[in-house]
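Q: In my numbering, the protein residues as written are 125 to 367. Every residue, glycine too, gets a C-beta built ideally from N, C-alpha and C. Quick one: this structure, given as structure tokens, is what I'll be asking you about.
Take a look at the structure:
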């Protein structure tokens with residue numbers, strides 16, 4: 125029965141160098157039915173992440189002795205690993221949260237935190253992943269094409285003119301939101317809220333930077349975009365098939 129409960133709850137990788145905190149979190153996650161591995165450094169985490177059985181979620185501390193959680197998360201995404209990541213950090217400002225999200229994290233929780241909230245956020249991450257796996261509605265599942273680009277949202281793979289393009293999870297999420305809202309003008313505020321889960325964040329440069337990335341990846345001429353088009357004073361419009 126215990127093994128069945130563990131299988132249902134999922135496997136977690138906890139990357140935390142504070143031993144007492146790591147031990148307490150491991151115990152509480154196991155009481156919830158999770159199988160938990162603990163790493164105290166980025167190097168230990170990297171060694172565990174190459175194991176054949178994948179993790180369902182990663183709880184990642186930003187302040188590690190040999191690297192930063194931001195750097196480790198970015199390397200994961202660049203390597204094509206899109207396991208959900210929840211970052212834990214003593215850095216609690218909105219700008220810090222944005223830095224974590226831009227690195228590829230899915231959620232961000234500042235220390236000190238309430239245990240019940242942490243458990244709820246992990247459950248939410250796993251539910252979201254299960255929901256995404258269960259969806260079969262085009263264009264955000266299967267292969268979606270526009271221009272010279274082909275995006276496989278299920279496999280988290282992208283190509284441009286047949287050449288592989290490495291994307292972060294947030295870049296895939298932004299593409300997915302554009303693909304489900306073609307031809308519609310999307311404000312920066314809407315994109316921040318729907319893609320980054322940030323409401324009323326005053327700095328819109330983050331959105332502009334990500335749009336520039338998508339243009340570099342998928343526009344024939346990024347200086348004269350035809351797919352990711354700026355609408356002056358309003359936001360951006362995604363045009364899959366320009367006339």
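Quick one: is residue 144 buried, meaning 16 or more other Cβ sit within 10 Å of its Cβ, or exposed?
A: Stepping through the chain shown from its first residue, residue 144 is reached at position 20. Answer is exposed; the Cβ neighbour count stays below 16.
Q: Taking only the alpha-carbon atoms, compute the straight-line gap between residue 287 and residue 338 and give it to the nearest angstrom.
A: The sequence position of residue 287 within the chain shown is 163, counting from 1. The sequence position of residue 338 within the chain shown is 214, counting from 1. C-alpha separation (whole angstroms): 15 Å.
Q: According to DSSP, which residues form a beta bridge with residue 365?
A: What you label residue 365 is simply residue 241 of the chain shown in a count that begins at 1. Answer is none; residue 365 lacks a bridge partner.
Q: Compute the distance between the beta-carbons of residue 207 and residue 166, then report whether it is under 9 Å.
A: If you number the chain shown from 1, residue 207 lands on position 83. If you number the chain shown from 1, residue 166 lands on position 42. No, the pair does not count as a contact, with Cβ atoms beyond the cut-off.
Q: What residue from 292, 245, 299 and 283 has the CA that sits closest to residue 199's CA?
A: Taking the first residue of the chain shown as 1, we reach residue 199 at position 75. Among 292, 245, 299 and 283, the Cα nearest to that of residue 199 belongs to 292.
Q: Could you have a look at residue 311 and say whether DSSP puts it in helix, strand or coil?
A: Counting from one through the chain shown, the residue named residue 311 turns up at place 187. Here residue 311 sits in coil by DSSP.
Q: State the Cα-Cα distance for the pair residue 158 and residue 150, rounded to the nearest angstrom.
A: For the purposes of this step, residue 158 is taken as the residue at position 34 of the chain shown. For the purposes of this step, residue 150 is taken as the residue at position 26 of the chain shown. So the alpha carbons of these two residues sit roughly 9 Å apart.
Q: If you check the beta carbons only, do residue 184 and residue 169 fall under 9 Å apart?
A: Within the chain shown, numbered from 1, the residue matching residue 184 stands at position 60. Within the chain shown, numbered from 1, the residue matching residue 169 stands at position 45. Cβ atoms of residue 184 and residue 169: closer than 9 Å.
Q: Using a threshold of 9 Å, state whether the C-beta atoms of residue 246 and residue 188 are closer than that.
A: For this step, residue 246 is matched to residue 122 along the chain shown. For this step, residue 188 is matched to residue 64 along the chain shown. Cβ distance not < 9 Å, so residue 246 and residue 188 don't count as in contact.
Q: To which residues of the same chain is residue 181 closer than 7 Å at the C-beta, ignoring the five residues directly before and after it?
A: What you label residue 181 is simply residue 57 of the chain shown in a count that begins at 1. So the qualifying residues of the chain are 134, 136, 207, 208, 210, 246, 249 and 250.
Q: If you drop the 5 nearest sequence neighbours on each side, which residues of the same chain put their C-beta closer than 8 Å to that of residue 328?
A: Position 204 of the chain shown, counted from the start, is the residue given in the question as residue 328. For residue 328, where only same-chain residues beyond five positions count, the Cβ hits under 8 Å are 312, 313 and 316.
Q: Identify whether residue 360 lies in helix, strand or coil by the three-state DSSP scheme.
A: As a working mapping, residue 360 is identified with position 236 in the chain shown. In the structure shown, residue 360 sits in a strand (DSSP, three-state: E or B).
Q: Whole angstroms are fine: how far does the CA of residue 241 sit from the CA of residue 139?
A: One-based indexing of the chain shown puts residue 139 at position 15. One-based indexing of the chain shown puts residue 241 at position 117. Near 18 Å, if we compare the C-alpha coordinates of residue 241 and residue 139.
Q: Alpha carbon to alpha carbon, how far is residue 345 from residue 351?
A: Reading the chain shown from its first residue, position 221 is the one you call residue 345. Reading the chain shown from its first residue, position 227 is the one you call residue 351. Those two C-alpha atoms are separated by around 10 Å.
Q: At a Cβ threshold of 9 Å, is residue 360 touching chain C?
A: No chain C appears in the structure shown, which is made up of a single protein chain.
Q: Run through DSSP, which three-state label would residue 353 get?
A: To locate residue 353, count along the chain shown from 1; it is residue 229. DSSP places residue 353 in strand when its eight states are reduced to three.
Q: Pull up the distance between the alpha-carbon of residue 173 and that of residue 179, whole angstroms please.
A: Residue mapping note: residue 173 aligns to position 49 of the chain shown, counting from 1. Residue mapping note: residue 179 aligns to position 55 of the chain shown, counting from 1. Taking the straight line joining both Cα atoms gives about 8 Å.
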